[in-house]
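2 protein chains.
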Amino acid sequence: MVRAAGVAGLCRVWLVGKAGRVTAKRVDAASGTRDFLAADVRAREEAFALIRQTFDRYGFEPLQTPAFERLELLTGKYGEEGDKLVFKILRRGEHEATGEADLALRYDLTVPLARVVATYGSQLPSPYKRYAIAPVWRADRPGKGRFREFYQCDLDVVGSTSPLADAEVVCALADALSALGVPEFRFLVNSRKVLYALLDVFDVPGPVGGRALIVLDKLDKLSPEAVAGELLGLGLDAPTATRLVETLSGPDADASVRKALAGSDAGREGLAEVDQLIALSVGQVGEHRIGFSGSLVRGLDYYTGPIYEVSAPGMPGSIASGGRYDGLVAKLGGPDLPACGGSLGVERILPLLPAKDTAGTGLDVALTVLDSDSSADLARIAGGLRAAGLRTGVYLGSSGKLARQLKWANDQHARYALLYGAAEREQGAVTVRDMRTGDQHAVPIEEVTAYLTGRRAE
Amino acid sequence: MVRAAGVAGLCRVWLVGKAGRVTAKRVDAASGTRDFLAADVRAREEAFALIRQTFDRYGFEPLQTPAFERLELLTGKYGEEGDKLVFKILRRGEHEATGEADLALRYDLTVPLARVVATYGSQLPSPYKRYAIAPVWRADRPGKGRFREFYQCDLDVVGSTSPLADAEVVCALADALSALGVPEFRFLVNSRKVLYALLDVFDVPGPVGGRALIVLDKLDKLSPEAVAGELLGLGLDAPTATRLVETLSGPDADASVRKALAGSDAGREGLAEVDQLIALSVGQVGEHRIGFSGSLVRGLDYYTGPIYEVSAPGMPGSIASGGRYDGLVAKLGGPDLPACGGSLGVERILPLLPAKDTAGTGLDVALTVLDSDSSADLARIAGGLRAAGLRTGVYLGSSGKLARQLKWANDQHARYALLYGAAEREQGAVTVRDMRTGDQHAVPIEEVTAYLTGRRAE
């Protein structure tokens, strides 16, 4: 028999066959996805709340967009490889048979931002400082630490060319990392202008410049020789390739970049941009946590100004990154506004944070149910405890045995258990058991809430 | 040029053509979806937090499952009509051309719950008390108040037959409604056993019983005559149809139901179940907020015991509902466990709550930027204010004019504006402007954080 879903958000409907049965077999979660049980949900929510508070303090505003967008909004935005990773939603009803898609799951948070800026225009504050912490979906091959549903955490300033905007993003990212409890981290800062000036100084032909930068970005993974080899493959001559690699690698790379750019106006401008961002951020971020890195490339060619990545001891790759991307909002379909922004790699950071004490998530009070005549009294006692803010559980299992119910209370990490049977009922009292010490005290029913809230304050 | 997404959660990649341009046109949000800008996000998050706190206090645990499931998990669970409303996700890569789907967006929160119970079994507490507040997706025709992405808010107890479990759900729903600020509401309680006993007493043939109940559920919308007419259409004889409708409608319906069931063991059992649930809940919910309703049907035939709906003056339909559904978890592919649960109609309730004062979401302090030489000092001042927990914005626009910047501060609902130009710099002071009164005071830079945190405490 078929039940229609009458009310959005309220009704839950299932096919129940004429015989009242649905044949169902066990089905696993979709590959690359995760279920989060209580402890994980709590840890993640707590982390997200800390990040939100930090971004709020900087005057960034939250934005929530739908999980899916029209397919045409996403198509062509992520490159050929990226397009393949977009989850597409089949058309519905009579169109389902076409096998075509018209919607797609959000692949990142920036294309929706550009759409929102295009849609709401002057309704938004100017500049628009927004953050978003939300899942995105990518049909990547699932693997260790790689999921098809994962959270991104972005903050962006749309509509400002001020260097203070870049500094706000950097400082907010740093504050968020500190709030999350990441003990040490370091911002490496560079500018695309520095990199383009370098290409110019070394006479790298314009058309291969972008690709040369992507190759140079591999200097932290490949040997200098291997990188030089790849540059040759792009058509650079051997002396140029070698000098580029030598300038950008080695312990004195930053000094040699500055030296190489001494005679370039564009290079000096780029270096000034880097120095200014560091100067505006260092007070908040800390002297040892931010510095210039001439070899930082960020292999994404939409960046137009300062760029940065954050690394942390014991955490693989970068845990945050960002930069200025003045042309991107227009490219994504929004108005032609300058912008800068950054991302916090929450999915990388969260698993590496120290586990929280589980004590806080246990019950404050566990109520045993020793006979059914106690139910109404217990419901009333539980109501009083909850109204006082105590996390209170009532035994809902089928055993009437005290030992079994105390085991349940223990499994729930209960601080106190309440025993209430025929004897207690007669006396109008409750036996309060301290689950740590095993001590028991009789407390009059009317006083039990005050007694336990008082204990919690101790 | 194509950039690969190297890092889940971190990289943002776009197709940027060889000429550095992507042609993009404006694309709207998908129909039936909503963007939530800052004020809406805040109002919703605040409401969700209140609900979570309430459910937590009852010892319910949060659960988060992925947005999509394997298609086979959802297929056949929601009836023919429901199946059509499931958003299906196209297979990817070489399989995309088949036009087939292998995944589907979550349609409700209960099928995922059954999957989790099946998957995690004894890893979960027993009974498993879980809540979930999360979006679901249905390809319904978008319309007034009807969306394709909307939040559900469920709490369920899996693995308990105790009447205290039903009462916990009822009390938690009532507490959540109170926490949200719904001023008045009323739980109407019935039991499927009452309804089945009525069908029995009136000699309604077994095979049409379920459908007769669905027709009777329309008594709150249709006239008694129209409902009786539909019952005739099911094959009931005229006297039976008339007597059923008479018993269940009118001001004395509850008394006439009790009277009709006086001689039925099953009927008395059902009524006892109703009375017990009310007795266990009334202390917490309040005398005037809960009562028996013999005509409440809940047109969902998976319910097996007590059922309830909540109505509120000024809110259309029911704003919460639930009941006991002992066979459902098994039907949905989980183990054969008793269960009960309820839903809060958050999407119905949220738009009807009184709007919050926007003052709390404005800036505490707005920093004007009167010349570029001030930037480093301003960044430092802003850092100090934020570290003290003050929501602080720095002017990031392009105007150097004070009037323009003060307008920005006003638009940001800033409580105070800081003015810091050449004159102030010379004196090592900041001019603090009270945005309500227009009063201005010079405050030494080192004291400005203390000055403003002190003011906030006033």
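Protein chains in written order, with the working numbering: chain D, 36 to 493; chain Y, 36 to 493.
Beta carbons are placed, not taken as given, at the ideal position from N, Cα and C, and that holds for glycine.
Query                                                                                                                      : Result
The stretch 201-208 of chain Y / the stretch 109-127 of chain Y touching (three or more Cβ pairs under 8 Å)                : no
Per-residue DSSP class, three states only, for Pro351(D)                                                                   : strand
Where Tyr155(Y) sits in the DSSP three-state scheme                                                                        : helix
Contact residues within the stretch 466-481 of chain Y, judged by C-beta distance below 9 Å to chain D                     : none
Thr466(Y) - containing beta strand (DSSP E), residue span                                                                  : Ala464 to Asp469
is_contact[Ala485(Y), chain D] using C-beta, thresh 8 Å                                                                    : no
Identity of the residues DSSP links to Pro341(Y) by a beta bridge                                                          : Ser226(Y)
DSSP three-state assignment for Arg183(D), whether helix, strand or coil                                                   : coil
Arg439(D) in three-state terms, based on DSSP                                                                              : helix
Closer than 8 Å to chain Y by CB, Leu199(D)                                                                                : yes
Residue from Ser330(D), Val381(D) and Thr339(D) whose Cα sits closest to the Cα of Met350(D)                               : Val381(D)
Test: Gln447(D) CB closer than 8 Å to a CB of chain Y                                                                      : yes
Chain-ordered residues of the stretch 272-299 of chain D with a beta carbon less than 7 Å from chain Y                     : none
Test: Ala438(D) CB closer than 8 Å to a CB of chain Y                                                                      : no
Pairwise C-alpha distance: Ser316(D) and Gly432(Y)                                                                         : 19 Å
Interface positions of the stretch 425-437 of chain D facing chain Y (Cβ-Cβ less than 9 Å), listed along the chain         : Leu425, Arg426, Thr427, Gly428, Val429, Tyr430, Leu431, Gly432 and Ser433
Inter-residue CB distance, Gly428(D) and Gly298(Y) (contact presumed, cutoff 8 Å)                                          : That belief does not hold up - the Cβ atoms of Gly428(D) and Gly298(Y) are roughly 40 Å apart, past 8 Å.
4-residue-minimum alpha helix (DSSP H) runs that sit fully inside the stretch 367-437 of chain Y, ordered along the chain  : 381-384 and 410-422
C-alpha distance - Gly435(Y) paired with Arg105(D), whole-angstrom precision                                               : 41 Å
Partners in chain D for Phe103(Y), counting only beta-carbon separations shorter than 9 Å                                  : Ala65, Thr68, Phe122, Leu140, Trp172, Arg183 and Glu184
Leu140(Y): first and last residue of the uninterrupted beta strand (DSSP E) it sits in                                     : Ala136 to Leu140
Minimum length 3: unbroken beta strand (DSSP E) runs contained in the stretch 59-121 of chain D                            : 103-105
The stretch 409-429 of chain Y / the stretch 212-221 of chain D touching (three or more Cβ pairs under 8 Å)                : no
Contact under 8 Å by Cβ, Val467(D) with Ile480(D)                                                                          : no
Where the beta strand (DSSP E) containing Leu271(Y) begins and where it ends                                               : Leu271(Y) -> no beta strand (DSSP E), and no H or E assigned at all.
Residue span of the beta strand (DSSP E) that contains Arg165(Y), given as start and end                                   : Tyr163 to Trp172
Simplified DSSP state of Asp310(D), which is helix, strand or coil                                                         : helix
Beta carbon proximity, Val62(D) to chain A, threshold 8 Å                                                                  : You won't find chain A in this structure, because its protein chains are D and Y.
N- and C-terminal bounds of the beta strand (DSSP E) containing Lys123(D)                                                  : Lys123 to Leu125
Assumed close pair Tyr186(D), Pro170(D) - CB separation to whole angstroms, cut-off 8 Å                                    : 5 Å
Same chain only: Cβ atoms within 6 Å of Ser284(D), ignoring 5 sequence neighbours per side                                 : Leu254 and Pro259
Any C-beta of chain D under 8 Å from that of Gly134(Y)                                                                     : yes
Delimiting residues of the beta strand (DSSP E) encompassing Ala452(Y)                                                     : Tyr451 to Leu454
Residues of its chain near Val320(D), where Cβ-Cβ distance is below 7 Å and the 5 sequence neighbours each way are ignored : Val205, Cys206, Ala209 and Phe222
Below-8 Å beta-carbon distance, Val332(Y) vs any chain D residue                                                           : no
Residue-level contact to chain D via CB, Pro386(Y), 8 Å cutoff                                                             : no
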